[in-house]
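Visitor: In UniProt numbering, the protein residues as written are 1 to 510.
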Ligand code: HEC
């Protein structure tokens, strides 16, 4: 009898153990939100966690993250529960999370109406400001590019993407967070203007060159969301799918200023989309600008009318040539190709090996030819291609695989990093654009990951990130590499000079 009871208890025990879902409800929901969609804490969906390894997630649940509200649960959850919870978080929710037009509209907040008369003090050059994205503790810093002083430091949404976008006059910054929040920030008053959550997982945003529109490209749900750039009022949602209804995540969306259009790369469908915002182009390919009844909200009617270029593979990222007629696209398997946006066709495969990071490509002139250079995420080299012949011109060896490449019209040097390598993540390499040779390797903070250069407006100084928590923003003389200043920062993953961005300096990527 006694034995029988024990067997019964053993059999019953698993049924009594809490399921991962129950553990979530009990311990996590208050902060991470219902449906794991995020609340005061970030979303916990497979799409949001793909940068963490399962062991890292388990460790996070066990011990928490220092200096944040994420406390450890080792005292409340045992190892089996932590493992089960982690596996459960890496699976899509049983019920697909919903984020539709009503959710977008309900999330929209206006924090401050921008005062048209507002100005920065006369001593500050508004076009030589830098916006620094600090991923360590989710802040944005505004740095005066003449005096190298922090003018303001404000909290942002969780996990901003690098690459904020600017209004054409350089006054407003548009930020996109991993969890789908788009924020409009006023550099003149250093206040958030408005925010809206366009999706549960977002790739990036682009701002139209006329300053009227912001287009957000999303991965969950698979949509493009158009916003009014002045206050981020949602205007329209476009589901992303091909003619047969196969849906796709968005890889990237960029503004093609001379074409008055947005160009969108898709991650799951081999198509490149171009969406015009040119009021005059409406007859050629019906643009969405004509039919708004402003103030009426928006509907899921698919009215945005993309011009589709069919491709033989999906694109992960892309880069425009200076004429904006051609797109250089790269796919995850490392193939690169040239696409003509006017005739809507792929022209050639680009002779690049490895995995080009076209999102950080730059162009420059050399002996009367226009060259494009981009880092290689795998190979420890910079690939240089002639834009007239589409031929490879050089492969410049660096100490290890890097992520960013930057230059400026004023300087003969292009600066790159080796942050993806094991033993050279602390090096910065200067390449002479005239000889295509490495001229200098800097190691300003030995042992610390150092990357992402941006030039001052005049090109005389570079700002460089020591991407650690805590890290630094270093200011170096652009000619000698000598250190001029250092500002403490929390993992500054990117910095952007207003002037270089709004003038599409040839030394910066979009
Ligand atoms: C008191 C609020 C709170 C509770 C309760 C909480 N978290 Fe968190 N969690 C946070 C915050 C805030 C962050 C972001 C930390 C940061 O800034 O890096 C976070 C981050 C995380 C992350 C990392 C997400 C990422 O993308 O980097 C995971 C995973 C996570 N939490 C899991 C859990 C789990 C599982 C539970 C329940 C067992 C839980 N959290 C309970 C507040 C909370």
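Beta carbons are placed, not taken as given, at the ideal position from N, Cα and C, and that holds for glycine. The structure displayed is predicted, hence computed values, not measured ones.
Looking only at its own chain, which residues have a Cβ that is under 6 Å from the Cβ of residue 424, when we skip the five neighbours before and after it?
Guide: Here residue 424 refers to the residue found at position 424 when the chain shown is read from its first residue. The answer, listed in chain order, is 399, 400, 418.
Visitor: For residue 79, does the count of other Cβ atoms within 10 angstroms reach 16, so buried, or fall short, so exposed?
Guide: As a position in the chain shown, residue 79 is number 79, starting the count at 1. Exposed, because fewer than 16 other Cβ atoms sit within 10 Å of the Cβ of residue 79.
Visitor: Please list, in chain order, all residues of the same chain as residue 35 whose beta carbon is under 7 Å from its beta carbon, the five residues on each side excluded.
Guide: Your numbering for residue 35 matches position 35 in the chain shown. Cβ within range, chain order: 93, 97.
Visitor: Pull up the DSSP beta-bridge partners for residue 461, would you.
Guide: As a working mapping, residue 461 is identified with position 461 in the chain shown. The partner list for residue 461 (beta bridge, DSSP) reads 477.
Visitor: Looking at residue 37 and ligand 1, is the gap between the Cβ and the nearest heavy atom below 7 Å?
Guide: Taking the first residue of the chain shown as position 1, residue 37 is located at position 37. Of the heavy atoms belonging to ligand 1, none sits nearer than 7 Å to the Cβ of residue 37.
Visitor: For residue 398, which three-state DSSP category applies?
Guide: Working through the chain shown from its first residue, we reach residue 398 at position 398. In this structure, residue 398 counts as coil in the three-state DSSP scheme.
Visitor: Rounding to the nearest angstrom, what Cα-Cα distance links residue 24 and residue 58 in this structure?
Guide: Taking the chain shown and counting its residues from 1, one reaches residue 24 at position 24. Taking the chain shown and counting its residues from 1, one reaches residue 58 at position 58. If you take the alpha carbons of residue 24 and residue 58, they lie about 14 Å apart.
Visitor: On the three-pair Cβ rule with 8 Å, is the stretch 488-498 touching the stretch 463-474?
Guide: yes
Visitor: So who's on the other strand from residue 495, going by DSSP bridges?
Guide: Here residue 495 refers to the residue found at position 495 of the chain shown. Looking at the DSSP output, residue 495 shares a beta bridge with 132.
Visitor: For a quick check, are the C-beta atoms of residue 147 and residue 159 less than 8 Å apart?
Guide: As a working mapping, residue 147 is identified with position 147 in the chain shown. As a working mapping, residue 159 is identified with position 159 in the chain shown. Cβ distance not < 8 Å, so residue 147 and residue 159 don't count as in contact.
Visitor: Using DSSP with H/G/I as helix, E/B as strand and the rest coil, what is residue 103?
Guide: Position 103 of the chain shown, counted from the start, is the residue given in the question as residue 103. In this structure, DSSP gives residue 103 a helical state, which the three-state scheme calls helix.
Visitor: For residue 133 and residue 165, I'd like the C-alpha separation in whole angstroms.
Guide: Sequence index remark: in the chain shown, residue 133 carries index 133 (1-based). Sequence index remark: in the chain shown, residue 165 carries index 165 (1-based). Each residue's Cα considered, the two are about 12 Å apart.
Visitor: Rounded to whole angstroms, what is the Cα-Cα separation between residue 215 and residue 104?
Guide: If you number the chain shown from 1, residue 215 lands on position 215. If you number the chain shown from 1, residue 104 lands on position 104. For residue 215 and residue 104, the distance between alpha carbons rounds to 14 Å.
Visitor: Under the three-state reduction of DSSP, which class applies to residue 80: helix, strand or coil?
Guide: As a first step, residue 80 is located in the chain shown; it is residue number 80 there, counting from the start. Here residue 80 sits in helix by DSSP.
Visitor: Between the C-alpha atoms of residue 261 and residue 502, what's the straight-line distance to the nearest angstrom?
Guide: The count along the chain shown starts at 1 and reaches residue 261 at position 261. The count along the chain shown starts at 1 and reaches residue 502 at position 502. Distance between the alpha carbons of residue 261 and residue 502: 16 Å.
Visitor: The beta strand (DSSP E) that contains residue 428, what's its start and end?
Guide: Reading the chain shown from its first residue, position 428 is the one you call residue 428. It spans 428-432 - the beta strand (DSSP E) in which residue 428 sits, taken as one unbroken run.
Visitor: Could you tell me if the beta carbon of residue 30 falls within a distance shorter than 7 Å of some heavy atom in ligand 1?
Guide: Reading the chain shown from its first residue, position 30 is the one you call residue 30. Checking the Cβ of residue 30 against ligand 1 gives yes.
Visitor: Give me the DSSP bridge partner(s) of residue 404.
Guide: Along the chain shown, one-based indexing puts residue 404 at 404. The partner list for residue 404 (beta bridge, DSSP) is empty, contrary to what the question assumes.
Visitor: With DSSP run on the structure shown, which of helix, strand or coil describes residue 291?
Guide: Start at 1 with the first residue of the chain shown, and residue 291 comes out as number 291. Confidence at residue 291 is low in this model, with a pLDDT of 36, below 50, so its placement is unreliable and no value can be given for it.
Visitor: Would you check if the distance between the CB atom of residue 238 and the CB atom of residue 219 is smaller than 8 Å?
Guide: Position 238 of the chain shown holds residue 238. Position 219 of the chain shown holds residue 219. It is not a contact, given that the beta carbons lie outside the stated cut-off.
Visitor: Between which two residues does the beta strand (DSSP E) carrying residue 184 extend?
Guide: The residue you call residue 184 lines up with position 184 of the chain shown. 181-186 is the extent of the beta strand (DSSP E) around residue 184.
Visitor: Could you please give the first and the last residue of the uninterrupted beta strand (DSSP E) stretch that includes residue 374?
Guide: Sequence index remark: in the chain shown, residue 374 carries index 374 (1-based). Unbroken beta strand (DSSP E) run through residue 374: 369-375.
Visitor: Hey, quick one: how far does the beta strand (DSSP E) through residue 452 stretch, first residue to last?
Guide: If you number the chain shown from 1, residue 452 lands on position 452. First-last of the beta strand (DSSP E) with residue 452: 450-455.
Visitor: Would you mind working out which of 266, 33, 384 sits nearest residue 200, comparing C-alpha positions?
Guide: What you label residue 200 is simply residue 200 of the chain shown in a count that begins at 1. Ranking the options by Cα distance to residue 200, first place goes to 33.
Visitor: Using DSSP's beta-bridge definition, name the partner residues of residue 197.
Guide: Within the chain shown, residue 197 is the residue found at index 197, counting from 1. DSSP output for residue 197 lists 181 as bridge partner(s).
Visitor: Is residue 24 helix, strand or coil when you go by DSSP?
Guide: Counted from its first residue, the chain shown places residue 24 at position 24. For residue 24, the secondary structure class from DSSP, reduced to helix, strand or coil, is helix.
Visitor: Ends of the beta strand (DSSP E) at residue 32?
Guide: On the chain shown, position 32 is the one that residue 32 refers to. No beta strand (DSSP E) holds residue 32; the alpha helix (DSSP H) holding it covers 29-32.
Visitor: Taking residue 267 as the reference, which of 154, 312, 506, 438 has the closest Cα?
Guide: For this step, residue 267 is matched to residue 267 along the chain shown. Answer by Cα proximity: 312.
Visitor: For residue 433, count neighbouring C-beta atoms within 10 Å of its own C-beta (all shown protein chains included) and say buried if the count is 16 or more, exposed if not.
Guide: Sequence index remark: in the chain shown, residue 433 carries index 433 (1-based). Its Cβ being crowded by 16 or more others within 10 Å, residue 433 is buried.
Visitor: Check whether the stretch 348-368 and the stretch 326-336 are in contact - that is, three or more C-beta pairs closer than 8 Å.
Guide: yes
Visitor: State the beta-bridge partners of residue 256 as determined by DSSP.
Guide: In the chain shown, the residue the question calls residue 256 occupies position 256. 261.
Visitor: Quick check: what's the CA-CA separation for residue 282 versus residue 500?
Guide: Reading the chain shown from its first residue, position 282 is the one you call residue 282. Reading the chain shown from its first residue, position 500 is the one you call residue 500. With a pLDDT of only 47 at residue 282, under the threshold of 50, the placement of this residue in the model should not be trusted; the figure read from the coordinates follows. One C-alpha to the other measures close to 31 Å.
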